[in-house]
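So for the sequence shown, full-length UniProt numbering puts the first residue at 1; every next one is plus one. Below: the structure, in structure tokens.
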Amino acid sequence: RYQHTDRSRLLQISCQVLGVKQDDSLDHIKSVYHDLVKKLHPDSSSGQANLSQFVKVQNAYKTILTQALDDPDEIEELTRDMQLDEFENKVLQHRTKLSTDPATSTASPEEKQATLRQRMDKAVEETADYHVRLVDNMTVEMNIQQKYQEPGRKGKIVQSIDRIAEDFIQQAVQGGQFDNLHQLEGYGKPLKEEHEGLLDGTEYRLNKMLVNSGYAPNWILLGKEIREDKKFLRARLEDRAEQVQKKPRCNEKQLNWKRAVKFVEEQTIRINENVDKYNMHVPLLKMQTVRFDLNREMEKVKK
Numbered sequence: 001r002y003q004h005t006d007r008s009r010l011l012q013i014s015c016q017v018l019g020v021k022q023d024d025s026l027d028h029i030k031s032v033y034h035d036l037v038k039k040l041h042p043d044s045s046s047g048q049a050n051l052s053q054f055v056k057v058q059n060a061y062k063t064i065l066t067q068a069l070d071d072p073d074e075i076e077e078l079t080r081d082m083q084l085d086e087f088e089n090k091v092l093q094h095r096t097k098l099s100t101d102p103a104t105s106t107a108s109p110e111e112k113q114a115t116l117r118q119r120m121d122k123a124v125e126e127t128a129d130y131h132v133r134l135v136d137n138m139t140v141e142m143n144i145q146q147k148y149q150e151p152g153r154k155g156k157i158v159q160s161i162d163r164i165a166e167d168f169i170q171q172a173v174q175g176g177q178f179d180n181l182h183q184l185e186g187y188g189k190p191l192k193e194e195h196e197g198l199l200d201g202t203e204y205r206l207n208k209m210l211v212n213s214g215y216a217p218n219w220i221l222l223g224k225e226i227r228e229d230k231k232f233l234r235a236r237l238e239d240r241a242e243q244v245q246k247k248p249r250c251n252e253k254q255l256n257w258k259r260a261v262k263f264v265e266e267q268t269i270r271i272n273e274n275v276d277k278y279n280m281h282v283p284l285l286k287m288q289t290v291r292f293d294l295n296r297e298m299e300k301v302k303k
């Protein structure tokens, strides 16, 4: 009821803008609209040109059409007439001031160049305005088409597919094709959940499917290599640190620790270069990873 009241109010305001009555015929409304467009068009020579009023008249006419007509084809035809009216009311630029045009008269070359430049700028501006109006008209047409499309069609198709899949599953169960499930490895156990902290669960599974199928992009393989290298370096530091803590005064252990630190420093440079390359190629900002901080990792190991 409230929606109907809002539409009635909008229709009443639109009729007031055009100066017509709600019970007038569409032919009369169209005739009044054409008269107003000719007077209010920005390029009109009637002396009543008004861009804001011209836009109001256009919107009011479109509102009356969408509420008065039930056939989308008729609305599309009348909307096309509105576009043609705009072109008909457009004053041809090359027809005005033809005899006194500096570009064709005996004006100086500088004046001719300035005039041609002004014409070019104006042509570019009018072209941009035309494309904006074209997009607006297309938006109105798309909204009208969506309004009259068959509702719930997509949902019905999905439900049909679900019923067909369920029928096939029930037929397979009745045929005994699932009787050997208890013989499979992992039967009755929960699935192993693997998740990357920086990625959405769905994205992680899709990327894993691409890797397993051999269609993984280079940045996915590079990210996997970075994670494995970081894990290896952390394990290397923890192992050497544990040996040093057991025998802190052993020269051999201290030497192994220094060698491990030097090795990790060299590998850190290579890993961080790969991290920078990975961060430049990932499609989303949230998928970027941090560089390997050797000092922080050593502090963790010492603690």
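Backbone N, C-alpha and C define an ideal beta-carbon position, used for all residues, glycine too. For clarity, every value in this text was computed on a predicted model and none was experimentally measured.
By alpha-carbon distance to LEU233, the top candidate from ARG133, GLY175, ARG296 is ARG296.
Rounded to the nearest whole angstrom, the CA to CA distance from ILE161 to GLN171 is 16 Å. For ARG227, the uninterrupted alpha helix (DSSP H) run begins and ends at 218-246, by DSSP.
The shortest CA-to-CA distance from ALA260 to any of VAL282, LEU26, ALA235 is the one to ALA235. Counting along the chain, LEU184 sits inside no alpha helix (DSSP H), nor does DSSP assign it H or E at all. Under the 10 Å beta carbon count, VAL135 is surrounded by fewer than 16 other beta carbons and is classified as exposed. Between the alpha carbons of ASN251 and GLU242 lies a gap of roughly 15 Å. Within the model, the alpha-carbon separation for TYR204 versus LEU181 is close to 27 Å.
In this structure, DSSP gives SER46 a state outside helix and strand, which the three-state scheme calls coil.
Under the three-state reduction of DSSP output, GLY201 falls in the helix class.
Per DSSP, the continuous alpha helix (DSSP H) segment holding SER31 begins and ends at 26-40. Ranked by Cα distance from VAL211, the options LYS224, THR202, ASP200, GLY201 are led by LYS224.
No Cβ-Cβ contact shorter than 8 Å links GLN67 with ARG9. By the neighbour-count definition (other C-beta atoms within 10 Å, threshold 16), ASN207 is a buried residue. ASN180 sits in coil when the DSSP states are folded into three classes, being neither helix nor strand.
If the five residues before and after ASP179 are omitted, its C-beta is found closer than 6 Å to no C-beta atom of its own chain. If you draw a 10 Å sphere on the C-beta of LYS62, you find 16 or more other C-beta atoms in it, and that means buried. Taking C-beta atoms as the reference points, LEU40 and VAL17 fail to come closer than 8 Å.
From the listed residues THR115, ILE269, VAL275, PHE168, the smallest Cα separation to ILE220 is found for VAL275. Distance from VAL20 to VAL32 at the Cβ level is roughly 5 Å; contact confirmed, criterion being Cβ atoms closer than 8 Å. Under the criterion of beta carbons closer than 8 Å, ASN218 and ARG240 do not qualify as touching, at roughly 33 Å. When DSSP states are grouped into helix, strand and coil, GLN58 belongs to the helix group. Boundaries of the alpha helix (DSSP H) around MET298: 294-302. DSSP places GLN288 outside both helix and strand once states are collapsed to three, so it counts as coil. ASP129 and LEU222 have their C-alpha atoms roughly 47 Å apart. With respect to LYS230, PHE292 sits close: the two C-beta atoms are nearer than 8 Å.
One thing to note: VAL301 has its Cβ within 8 Å of the Cβ of GLU238.
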